[in-house]
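In our numbering, the protein residues as written are 3 to 490.
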Ligand SMILES: Cc1cc2nc3c(=O)[nH]c(=O)nc-3n(C[C@H](O)[C@H](O)[C@H](O)COP(=O)(O)OP(=O)(O)OC[C@H]3O[C@@H](n4cnc5c(N)ncnc54)[C@H](O)[C@@H]3O)c2cc1C
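Here you go:
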């Protein structure tokens, strides 16, 4: 147990229990916000110099450059309510209604992505089954999906196994892999179907297959899928005027006078203390009645090592990946004549370092000044992870020239790395999360939150932070059962 002096708690307002939140990404900010609203005294520790974690928007002479997420799913109530509560509704920028179609690079050729897919879940059959993306044999194989029997095995299955079993190997290589890889960094074949594409799992479990599920939805909902609506007045997917970081900046401002926010302050380790915990930070220890760890799972594992080696071992079983991207600005006049796609997904079978190329300034207005275009190249960390920044830019430029024919007119470039922080929900993920939760039952007043557990999208992280806040305040939660939260 550390013996260094206990730091003061100035700035943590309220009269309730004192809760330390570690990590000021969206999950930690959402947890802190919830705790404050329930009367807790909150200290928020952030290792970096700014809040937001992977959500960061750079504003560069009229450009809005996202280092992390580009899209807020305002269709999801977690995001819609927060945006509205923070007074940001007027600043919401909807995605453009018409954008050039996305493409997939396969066999060196850019082929349009078929219509009728919503995050890999088929909404319409014909466009998928007639798409030139798949050669005719592969189309016939995909069309035979309706005859493939429901899998009797109830164990979790990988995305590769599911798609290959139901639709054939080509549908995995040229459709599922490139699309899933744009959403989930790292190798996607071993992703857990249930944790990453639960709707596909449900479609088979409930309806007997994907085609049968589409037919059922069409019978139930009519000819078009039920439109997904956000809060009244908000579009389903959007950004904010000067980038998604406005969300975390506004949350940080709201917390500033209601909680103690310590930037540049990493939590080093966690220890039990009578009735609560001690969190070691550089130079001192902070006491708290309860703790929410809202950091990537490898960081949470290290912080818990002295307190609970078993919990550390469980957290260490949750793999993470690195995200690498290069954003480049080009002069529009120098672009090749052919229209650029809003996104080009690159199949792994192409053997390239590029995972996808997207054009944020086509998707959202206001991302680049007139006469310029923003291009984002997402790279595979397993093929480019050892490169330094100059090599990454050179690689991105080479691939842009070869894939899109973009070679001249470069104005500037930016490299963004998020190392070992992105969760990889591989087969068995949900069991590993349950094991962590079970272990936390024996640690009253300790909870975990963040993208590592129940979904990596911003809405999932907001929900996760809020659940963790409730878990440490309520005795009867699924995550932990605090026994004696003191109010000292
Ligand atoms: C490139 C990219 C694109 C994405 N696109 C989208 C998108 O379009 N839409 C969408 O909904 N989601 C998207 N996501 C996912 C989403 O942005 C993330 O899952 C989410 O922001 C993660 O938030 P978090 O708070 O859980 O973790 P993080 O953002 O990783 O925050 C964790 C924080 O903890 C801090 N920390 C770490 N260790 C310590 C310590 N010891 N002590 C104190 N602090 C510590 C870190 O500095 C960091 O600030 C994207 C993610 C990436 C990387």
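All C-beta atoms in this analysis are idealised placements derived from N, C-alpha and C, irrespective of residue type, glycine included. Treat the numbers as computed from the prediction; the structure is a model and nothing was measured.
In chain order, which continuous runs of the beta strand (DSSP E) of length 3 or greater are located wholly inside the segment 292-351? 292-295, 322-333, 345-348
Would you call the CB atoms of residue 417 and residue 391 closer than 7 Å? yes
Can you check whether the CB of residue 238 is closer than 7 Å to the CB of residue 77? yes
Measure the C-alpha to C-alpha separation of residue 227 and residue 220 and round it to an integer number of angstroms. For residue 227, the predicted structure reports a pLDDT of 49, less than 50, and the residue's modelled location is therefore unreliable. The matter cannot be settled from this model.
Kindly identify the DSSP beta-bridge partner or partners of residue 414. 331
Alpha carbon to alpha carbon, what distance is there between residue 91 and residue 333? 32 Å
Given this structure, state the Cα-to-Cα distance separating residue 263 from residue 235, to the nearest angstrom. 33 Å
Return the CA-CA distance between residue 346 and residue 360, expressed in angstroms with no decimal places. 6 Å
Smallest Cα separation from residue 384: which of 401, 18, 217, 188? 188
Under 8 Å Cβ to Cβ from residue 89, same chain only, skipping five residues before and after it: list those, please. 252
Contiguous beta strand (DSSP E) assignments of at least 3 residues, all confined to the segment 99-159: 105-108, 111-114
DSSP-derived helix/strand/coil call for residue 56: coil
Starting from the C-beta of residue 431, find all residues in its chain whose C-beta is less than 7 Å away, skip the five residues before and the five after it, and write them out in chain order. 194, 197
Taking the alpha-carbon of residue 281 as reference, which of 38, 244, 258, 308 has the nearest alpha-carbon? 308
Short of 7 Å in beta carbon distance, which residues of its chain neighbour residue 214, apart from the five on each side in sequence? Order them along the chain. 148
With distances taken between CB atoms, is the gap from residue 470 to residue 294 smaller than 7 Å? yes
Do you know whose CA, among 190, 152, 55, 244, lies nearest residue 210's CA? 152
Using three-state DSSP, classify residue 17 as helix, strand or coil. coil
Per DSSP, what kind of secondary structure is residue 164 in: helix, strand or coil? helix
C-beta contact flag for residue 315 and residue 426 at 7 Å: no
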